[in-house]
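This report refers to the structure that appears directly beneath it.
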Amino acid sequence: MTTDQENDDRAFKRDLLASLPNLRAFAVSLTGRHDKADDLVQDTIMKAWANQKSFTAGTNMRAWLFTILRNEFYSQMRKRGREVQDSDGLFSERFSVHPEQYGRLDLQDFRKALDTLPDDQREAIILVGAAGFAYEEAATICGCAVGTIKSRVSRARTRLQEILGVSGEGDFGPDPGDAAITARAFGS
Amino acid sequence: MSEDETRNKEKMNTPQSSNFRPGAMLPNASISRKLREFYDAVQEEGIPDRFLDLLERLEEAEKSAESANAK
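Chains as they are written, first to last, in our numbering: chain A, 4 to 191; chain B, 20 to 90.
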């Protein structure tokens, strides 16, 4: 074993570790559950480790890991025979969030709203809006065109706005008292 | 004052238009903020021990495989 090899291995492990919190957050967003997410991350680590040689040192390790995790997620879903594409919104209806939850949003509500999105839209808005990837990187990870990612992000955003009852106004979460006053003031 | 009223009306009628501003990424502050909050909450949990253990085991397995090959 050469010293270069040892250095590469150390760098690989270091970068893998550094990417884990972000990768895990992505897994939680995909699966909706911590226990399943951690199983998925574990499978991803093992796959990544086994395919170390196919990773080009100096390239984007995070995008590489996300791609592995995403592929793993969908192949596991397929094996279990679950319908993954739901652009028609059937899944969304079953898990719809009720308007009573409008107003002050806590993360639980947001989580529920996120779960109502079709998988393709959810992953797109997570990758671009939270994980910090550019549209181009997200397109590579998802294996689709940049334009597809953009339209998924846009549809996801619109849907979340509808579910959560937020619009351009009131973005900064007025407390319910203020909201009532505002409603009265503009009600007549 | 009538100018203020006009502005208020404009404000009320145009909240949606900001969603379609070309080139703007996630213009809705609330949605993108909540998204990051949700995501960061998981990130801040750090790395569970099971993954650190796993990496250690993988490394050891690799080392012992290498020394076995070297013999």
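All residues carry an ideal CB built from backbone N, CA and C; glycine is no exception.
From a predicted model like this one, the values you see are computed outputs, not experimental measurements.
Buried or exposed (CB count within 10 angstroms, at least 16 for buried), residue i
i       : result
Q124(A) : buried
N25(A)  : buried
A60(A)  : exposed
I51(B)  : Contrary to the premise, residue 51(B) reads as Ser rather than Ile in this sequence. Buried.
A51(A)  : buried
K82(A)  : exposed
S83(B)  : exposed
E9(A)   : exposed
S78(A)  : exposed
S49(B)  : buried
Proximity below 9 Å, CB of residue i to CB of residue j
i       : j       : result
I144(A) : T70(A)  : yes
L19(A)  : F57(B)  : no
I48(A)  : L73(B)  : yes
F58(A)  : A30(A)  : no
E64(B)  : R27(A)  : yes
L23(A)  : L43(A)  : no
K53(B)  : L110(A) : yes
R155(A) : A127(A) : yes
V61(B)  : S157(A) : no
M198(A) : F15(A)  : Summary: the structure shown does not reach residue 198(A), with chain A confined to residues 4 through 191, and so no result is reported for it.
Contacts that residue i makes with chain B (C-beta to C-beta distance below 9 Å)
i      : result
L20(A) : I66, F70, L71 and L74
Cα-Cα separation, residue i to residue j
i       : j       : result
I66(B)  : A21(A)  : 9 Å
A159(A) : L120(A) : 7 Å
K153(A) : A133(A) : 15 Å
A66(A)  : N74(A)  : 12 Å
D38(A)  : V149(A) : 32 Å
G168(A) : A137(A) : 27 Å
D68(B)  : A141(A) : 29 Å
T6(A)   : E165(A) : 56 Å
D46(A)  : A40(A)  : 10 Å
E139(A) : R13(A)  : 29 Å
G135(A) : R114(A) : 19 Å
R55(B)  : F70(B)  : 24 Å
V131(A) : R36(A)  : 21 Å
N88(B)  : E78(B)  : 15 Å
D122(A) : D112(A) : 18 Å
D11(A)  : K56(A)  : 10 Å
N54(A)  : E81(B)  : 13 Å
C147(A) : T62(A)  : 20 Å
Within chain B, the residues that residue i reaches when beta carbons sit closer than 7 Å
i       : result
G146(A) : Here the premise fails: no neighbours, minimum Cβ distance about 21 Å.
R27(A)  : V61
W52(A)  : L77
Contact list for residue i against chain A, beta-carbon separation under 7 Å
i      : result
A60(B) : L110
S51(B) : G132
Per-residue contacts from residue i into chain A (C-beta, under 8 Å)
i      : result
E56(B) : L110 and F113
Residues that residue i contacts on chain B, provided the C-beta gap is smaller than 8 Å
i      : result
K16(A) : L74 and E78
P24(A) : V61, Q62, E63, E64, G65 and I66
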